[in-house]
Amino acid sequence: MFPNSHDTKMKSQFLSTKPLPICFCTVLFLFHLITPLSGDENEQYKSCGNLFNCGKITGIHYPFWGNNRPRECGYPGLKLECENDTTIIETETLKYRVLDINQDTQVLRITRMDISTDICGAKFVNTILDSELFEYASAYMNLTFHYGCPPPIFPFPNQFDCPVKGTTNRNGYVEMGTLLSESMCHASLVVPTSYNSFGNLKGLPNLLDLVREGFEVRCKVDISACRSCENSGGRCGYDLASNQFICLCQNQPPGSAVCKGSPFLTGNTTQPSPAGMGSSESSRSGAFVLQLHIISSQFYVGLNNVRTN
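In mature numbering (1 follows the signal peptide of the UniProt record, and there is no 0), the protein residues as written are -39 to -1, 1 to 270.
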């Protein structure tokens, strides 16, 4: 005996509307699982998208920070400052003018601000780099500046005159290397310069120009994790509490090495494996999205059946 049309229609309506509560609950549960970024995390993501620009040096990002890039966007000790379109990096004892930065190779060309600006205004400290942050990137030659020296017995090349606190001797000398005994003078300091630029330099003006041309150093901070993060669409930051690099993603809290897309948010995630052929790489959130898609399809098909019958 065949069911009458009235019974069929009632059963169709009942079956088509049944997935509605399941779909509604799944949607609520899915939204509960998706944790939005906190205000601080979202602000850090935005701030670390800013680039450092100062004069001729532009487009600088991690591991450097400074200006509109807060300290959470770069490695400690790599703060850049901008003064009158001049980029400056400061160590514990000295300020350096940054003449160039190659972001790809992490090579900087720097020069001491004190002696390159005023030979008589130099701080009597040697040019010592932070070995944890920098290493020399190319061959270099030291110039030694001697201050407060006694009058020479015979003419000495590259001589200059500067008043020095603590002595009446005003004679100063510049030499390549450290041939002159430091005990003869009140103070001395060593400045590295590019070895390739020495050539046929003669005279103090040429030596000072050589100092102003700077020397190259390479930043030793490992940025491989940052590059992986950026390749996944993230931005590079630094967790000051744990002292480690973090990858900042627009739609997920920090903690992952790279940004993971979500079909619900971006539609750019690997599809889950078919039933019965599960993959250990499938994420739990991806399974819920797939379930939502299937149930939603049943719901809308059922709803259409109700409207057309």
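We put the CB at the ideal spot given by N, CA and C, even for glycine.
Asked, Found
"Looking only at DSSP bridge pairs, what is Y36 linked to?", "DSSP output for Y36 lists no bridge partner at all."
"In chain order, what are the residue ranges of uninterrupted alpha helix (DSSP H) at least 4 long that sit wholly in the stretch 174 to 233?", "185 to 192"
"Give a yes or no on whether the C-beta atoms belonging to R30 and C43 are separated by under 8 Å.", "no"
"Runs of 4 residues minimum, wholly inside the stretch 48 to 83: which ones carry the alpha helix (DSSP H) assignment?", "74 to 78"
"Does P31 come out as helix, strand or coil in the three-state DSSP assignment?", "coil"
"What residue range is occupied by the uninterrupted beta strand (DSSP E) comprising M102?", "Y101 to C110"
"Please check the pair N132 and Q120, which I expect to be a contact at CB under 8 Å, by giving their CB distance rounded to whole angstroms.", "7 Å"
"Restricting to Cα atoms, I'd like to know which of I50, H22, C220 and C15 is closest to L41.", "I50"
"Any idea if D75 is buried or exposed, counting beta-carbon neighbours within 10 angstroms, 16 or more meaning buried?", "buried"
"Between the C-alpha atoms of L12 and C110, what's the straight-line distance to the nearest angstrom?", "47 Å"
"Mind reading off the beta-carbon distance from N87 to L150? Whole number of angstroms is fine, and I expect it under 8 Å.", "6 Å"
"DSSP state of D122, grouped into three classes?", "strand"
"Taking Cβ to Cβ, would you say E96 is nearer than 8 Å to V178?", "yes"
"What first and last residue would you give for the beta strand (DSSP E) that runs through I18?", "I18 to I21"
"Does the distance between the C-beta of I114 and the nearest non-hydrogen atom of the ligand SAH fall short of 7 Å?", "As for the ligand SAH, it is missing from this structure, which has no ligand bound."
"Would you report the Cα separation of I71 and A218, rounded to the nearest angstrom?", "32 Å"
"How big is the Cα-Cα spacing for L165 and C180?", "31 Å"
"To the nearest angstrom, how far is it from the Cα of Y36 to the Cα of G82?", "31 Å"
"Are the Cβ atoms of F106 and V59 separated by less than 8 Å?", "no"
"Alpha carbon to alpha carbon, what distance is there between Y101 and R245?", "Note that R245 scores a pLDDT of 35, beneath 50, so its modelled location is shaky; the value from the coordinates is reported in the next line. Going from the Cα of R245 to the Cα of Y101 covers about 56 Å."
"Given a cut-off of 8 Å, decide if I80 and L169 are closer than it, judged by their beta-carbon atoms.", "yes"
"Just how far apart, CA to CA, sit T48 and I18?", "7 Å"
"Going along the chain, which residues of its own chain have a beta-carbon closer than 8 Å to the beta-carbon of M145, five neighbours each way excluded?", "H107, C110 and P111"
"Per DSSP, which one or two residues make a beta bridge with N130?", "N130 is not bridged to any residue."
"Do G16 and D46 come within 8 Å of each other at the CB atom, strictly closer than that value?", "yes"
"Once you ignore the five residues that flank F25 on each side, which residues in its own chain have a CB closer than 7 Å to its CB?", "F13, G35, L39 and L41"
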